[in-house]
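By the count of the working numbering, the sequence shown reaches residue 1016 at its end, each step adding exactly one.
Just so you know, even glycine gets a beta-carbon here, dropped at the ideal spot from N, CA and C.
This structure is a prediction, so every number in the text was calculated from the model and none was measured.
Presented below is the structure to which this report refers.
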Amino acid sequence: MAFVKDMLRMWAHSWKRFISIAMITLLGVAVLTGIYAGCRDAFRSTDRFFDAQGLHDVQVLSTAGLSNGDIAALRKVNGVAKVQAERSQEVTFDLDGRKSATMQEIGTNGIDQPYLQEGRMPKKAGEIAVTRKFIRDSGKRIGSRLTVTPESASSDTSDADNSGTDNSGTNETNGTDEAPSFPTKLTIVGVVLDPQNLSNPDGYSAMTSFRSTATTDYTFFAPSDGVTGTLYTSATLLVKGTAAESTFDESYENTVKQVTDRIDGTVKTDRQKARRQELLGAGNKKIVDARAEADKKFADAQSQIDANRQQFNQQVDQIVDMQASAAAAGAATNGANAGAAAAAGATTPQLDETTRETMRETIIAASPELTQAKRQLDQAQSQLNEQKASTEQTLKTKENELKTSIPQVRWYVQDRQSLGGFSALKSDLDSIQSLGNAFPIVFLLVAVMMSLTAMARMVEEDRSLIGTYVGLGYGRLAVASRYLLFALLACLIGGGLGLIAGFLGIPAFLLVVLQGMYVMPGLRLEYDWLYGSLGIALFVVGVLAATIYACVQEMRQTPASLLRPKAPRAGSRILLERIRPVWNRIGFLGKVTARNIFRFKSRLIMTVGGVAGCTALIVCGLAINDTVADLGIKQYRDIYQYDLMVVSDDSDASAMRTKVASDGRVTSSLDVRIESGDLAISGGGDGDSGKAGSSGSESIQLVAVPEKHLSDLGEMVTLQPVSSGMLGTSGVGKTGSLKLDDDGVIVAQSAASALGVKAGSKVRLTNGDGVQATAKVSAVNRNLIGSDVYVSETYYAKLFDSKDAKNTKNSKNSEDSEALTWNAMLAKLSGSDTSQTDYAESLEEDSSVMKAVSCAHMADSFKFDLMGAVVALIVALAGGLALVVLFTLANTNVSERVREMATLKVLGFFDREVHHYVNREMMILTVMGVILGLPLGRLVGGMLTMALNMPSLYFEVEVKPLSYVIAAVATMAFALLVQLFVNPVLDRIDPISSLKSVE
C-alpha cells in the first residue's frame, strides 16, 4: 500500500511531465485520426447517397446511339444487375444570353435518380425538375415556366442515326430509329440534386470553374411522359455486388472492371458491327424503297405519255385515211370503168407503211397544232428518260457512298471515374487523406523523443528511490511499473481526448469546409473503433518503448550504485575551445553556455530535433499554402499570355469572330479549335481498345492550331519544356525553345504528371466527337491548371481522319480550304484588368458566344479553399506541438539543473540573471532547431506536394520568403512564451534545500 501511495505521490509531483506526454499524444492522435475520420465520413456518406440514388457503375455511350438490341445485349452480360436505357436532348434557351441545358429523362429502373431537395418530382409531360444552380442563376422558382429550343443535332448521336433501325433483339421487326425529343414548353415543379455532380453552387466551388466538366450549363430532369424517340443516348448499368462495397475502395473498382472487361471483350465488338449493319441495312432499304417508288412513278409517267402518243397517232391516221380515200375517189371519177369507180369509193385504199409514214410527216408538218403536240410528246419522253437516267445514277452513287458515309460505330464504356463531380470529390479527399497519413509520422517521432527525454529525467530523479526499492526486494518490473503506468495513463488520457478531437472536432471542421464545395446529404460523424484503438496503441507503444528504454538504462545497475549519486560527467573540451581566437574573446558566461550546449549531446539532439521537426511542419504547411495560392497567378499571368479566350458553336464561329473584331478591343489574336476530350495511356493499339474514363485517363482541352499560324502559338501561351524532378521540383527549359509541329502533340504538365507521360510517349487521344487515336507526345509543356493538349491542324487531320484538312499543309491559304472550323479565339486585349473582365462578361451575353474567359478574372478569383483549410489546421496543430515540445524541454532542462541554479543564486545571481543564464541556452538551441527545420520543411513540403495528384492540377512547389520568416518567428515566439512559464519555476528554487546532500 505504501508503494502505491508513494507512486501516486510521485505522479502528482510530476504533473508537468504528465501533461506534456498527454498533450503530445493528444495532438498526435488527433492528427492521425482527425483527417482520416473527416475524409472517411465524407466517403461513407457519399457512398450511401450514391447507393440510395442508384448512381450507375458503368455507362455505355455510342457514336450512333443505342438500340433495343444493344440494351438487350448488355442485359445478358455476366455480372450486370440492372440496365437502364436513357434518352436525353440538348436544348437552348434565353437567360441573359444564350444558355444550354441537357434534357434528361428520369429513368424508370432506379438508376441515376435525382435527389429531391424542394417541391416534387415531375410526373406529367412538360414538367421538369431543375438544379439549385439554375434556380440561383435564373431567379426562377417552382411554378415558373420556361420555353426551350432543341439543338439542331442531338447529343451523342450523328446525322446517320435517323437511318438506323430498331432491333428488338429478335430481328423480327426492322424500322427506323428516331432521336429523342422532349417537350419544349416546360414548368418547374421541383429542385433536385444531380447524383452525378455534387458541386455546391452556393459554396466556394462556384469559383473554381477550372474543375467543371459539364458540356452544357444546366441539366433539366423530365419524366418519360411526353418523351418520344426509340434511339437511346446512353445505357447505365449497376453491377452485382457493388452496393455492398465502398465506391472509393479498390475492391469496388476491381468488381466493376471485371464487367467492363467483359463488355469490351465481346459485346462491344459484336454490337458495334451489328449496329453499323443496322444502319447500312436501313440505308439500303431506303435506297431500294426509293428505287421502287421512282420506278412506279416513271412507269406511271411512261403510261401517260404512251396513251397521249397513241391518241395523237390515231388523230393523224384518221387524217391520212381521209386524204387517201379522197385521192382514190378522184382517180375513179376520171376513169372509164364505172364499176371500178364504185368499188374504189366503197373502201379505203390500202397504203404501204412507207407511204403512210410519209403522209403522217407531211400532215404533221402542215399543221402547227400537230407539230406542237408532237414536240410536247417528244420533250416529255426525253425528260422522262433523263430523269430515269439521273435517278438511277443517283441511287447507284448512294449505294456506293453508303458504306463510306456511315462511319464505324464506336462504343465507349465508362465507369464512375469519368464523372467529373465524382472524380473531383474523390481526388480532393484522397489528397487530403494523403496529408493526414504523412503528418502523424512526424508527430509520433516527436512524441517518442519527448517521452524519452521526460521519462529518462523522471527515472533519473528517482535514482536513489529505485535503489531503495530494489534493495528492499521489490522486483525491477514492479519498480518500473511506476513509470510505465505513469506513461500509459498519460497516453490513454491524451489519446482519449485526441480521439474526441479526432473523430468530432477536426472532422466537423473539415466537413464544414467540404460542404462549402459539395452537397452531401445524410452526412454524419462516425467513430471507427478499430482505427481509433490502433491510433492510441501506436502512441502507447512508442511512448512505452521510450519509457522502458529509460528504465532499463538505470535499473541495470546494482542497488548500491543506484543509492549513490550519479557521478558527474567527466570534463571535456568542446570543438569551439580549440578555436583559440574565437574562444578567447568569449566571456565567462558565454563559455559556460557553450559547454552546456555541446557537452550534453542527448539534450542537444532532443531539443534541436524537436524544434526542427515542429518548424518543418509549419514550413511544410505554409509551403503547400504558398503553392496553391500562386497557382492562379502563375497560370493566368505567366503561362497564358493571352487575356481572353472566346468559344462558340461551330455554326456561330464566323459571327463570333466578327463580333470580337468589331468591338475594337483586340490587339492581337489567334484562331484555334477547342474541343473537350480525353487523354489516356496508350495500350499500344489503335486507341480503340481501351475504355474511356479509366484510372489511366485525364480530361483535357484539345487545342488545334492552324497550320500557317503554328509559330503564333508561342505569343499566346508560354511554351517551356519540362522534365520531372525530385521533391516537387521540375526541370524547366528555356522560354520559346518549344515549338509545335506536325510530328506530335504538346501535353500539359498537369496531365503528363498525373499519367506519367513524357516526351516520346504514346497516348490515346479522344477528340470532341468521341473519335480516338494513338498520338505521339513530342513535348511536355509547363502548365499548372487545366490540361491543355496542343496539336497542329495537319497532325489533327492525320489522327482523326479529317478529310477536309488532309491537304492543308500544302494549301496556300488554309482558311480557303475546307479545313477545321475554328470555333475559338485567343486574344490580347487593351485596357485594365477590370475592363477586360467586364468585356468578357459582356461577350457571354452575345448569342454567338458560348463561353468567354478572362485570364485577369481567373487569376484573381482562383481559390482552393479545401486545401487552405487543411493547411491552416496542420499549421495550428504544428504550432501547438512546438509549444508543447519547448515546454517539455524547458522543464526537463530546469529539473536537471536545480543544484546548478541554486549554486548560482548562492553566488549572488539575481533572478533576472538566472533567467537569462537558462533561457539563453534554450534560445540558442531553438535557433539551431529553426535553422535545421527550415530546409527540412521545404524538403518534406516538396515530397508531400508530389503526392497531391489531382485532376487538372500540378503543384509547382513554392515557398515564399515570408513563410520562412513566419515559421521562424512563430517558433521563436513559442520559445519566448515558454519562458514565461519557466521563469516562475526558476524563481521558486530554494538554494538551501536544493544544495542539501542527496546521500
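Helix or strand or just coil, what does DSSP make of residue 830? Because residue 830 carries a pLDDT of 38, less than 50, the predicted location of this residue cannot be relied on, and no value is offered for it.
Using the Cα positions of residue 947 and residue 662, report the straight-line distance between them to the nearest angstrom. 46 Å
For the beta strand (DSSP E) containing residue 207, name the first residue and the last one. 202–210
Tell me residue 766's beta-bridge partners as DSSP assigns them. The partner list for residue 766 (beta bridge, DSSP) is empty, contrary to what the question assumes.
Reducing DSSP to helix, strand and coil, say where residue 571 ends up. helix
Label residue 724 either buried or exposed according to how many other C-beta atoms from any shown protein chain fall within 10 Å of its C-beta, with 16 as the threshold for buried. buried
Cβ neighbour criterion (16 or more within 10 Å) applied to residue 240: buried
Within-8 Å CB hit, residue 723 to chain D: Of the protein chains in this structure there is only one, and it is not chain D.
Using 8 Å as the threshold, is the C-beta distance between residue 130 and residue 124 below it? yes
Cutoff 8 Å; reference residue 625; Cβ partners in own chain excluding five residues on either side: 942, 945, 946 and 949
Beta-bridge pairing of residue 238 - partner residues as DSSP gives them: 121 and 146
Specify, as a first and last residue, the run of the alpha helix (DSSP H) that residue 798 falls within. Residue 798 -> not in any alpha helix (DSSP H); beta strand (DSSP E) instead, spanning 789–798.
Just the C-alpha distance for residue 343 and residue 389, rounded to the nearest angstrom, thanks. 26 Å
Separation of residue 308 from residue 154, as counted between CA atoms: 54 Å
Nearest to residue 28 (by Cα), restricted to the options 87, 77, 141 and 471: 471
My guess is that residue 272 and residue 148 are in contact by the Cβ rule of under 8 Å, so how many angstroms apart are they, rounded? Not really, about 30 Å apart at Cβ, beyond 8 Å.
Using a Cβ distance threshold of 8 Å, determine whether the region 418–432 contacts the region 70–89, with at least three qualifying pairs required. yes
Over what stretch of residues does the alpha helix (DSSP H) that includes residue 245 continue unbroken? Premise fails: residue 245 is in no alpha helix (DSSP H) and is neither H nor E.
Give a yes or no on whether the C-beta atoms belonging to residue 546 and residue 690 are separated by under 8 Å. no
Pick helix, strand or coil for residue 109, following the three-state DSSP scheme. strand
CB residue 1084 to CB residue 53, shorter than 8 Å? The structure shown does not extend to residue 1084, since the chain is modelled only from 18 through 1016, so no value can be given for it.
Quick one: any contact between the region 78–87 and the region 557–575, if contact means 3 or more CB pairs under 8 Å? no
Backbone CA spacing between residue 671 and residue 109 [nearest angstrom]: 20 Å
Residue 738 - DSSP class collapsed to helix/strand/coil: strand
Determine the DSSP secondary structure at residue 475, reduced to helix, strand or coil. helix
Thinking just about the alpha-carbon of each residue, which of 512, 933 and 197 is nearest to the one in residue 243? 197
Within 10 angstroms of the Cβ of residue 613, are there 16 or more other Cβ atoms? Answer buried if so, exposed if not. buried
Pick from 460, 395 and 637: whose alpha carbon is nearest that of residue 44? 460
For the structure I just gave you, are there three or more beta carbon pairs, one from the region 53–72 and one from the region 250–266, closer than 8 Å? yes
Looking at residue 951 and residue 992, is the spacing between their C-beta atoms short of 8 Å? no
So what does DSSP say about residue 690, is it helix, strand or coil? strand
State the Cα-Cα distance for the pair residue 202 and residue 151, rounded to the nearest angstrom. 17 Å
Three-state secondary structure assigned by DSSP to residue 428: strand
What are the boundary residues of the alpha helix (DSSP H) that includes residue 871? Not the alpha helix (DSSP H): residue 871 falls in the beta strand (DSSP E), residues 868–871.
Over the uninterrupted alpha helix (DSSP H) stretch that includes residue 513, give me the two end residues. 493–517
Among 402, 510, 95 and 447, the one whose alpha carbon lies nearest that of residue 279: 95
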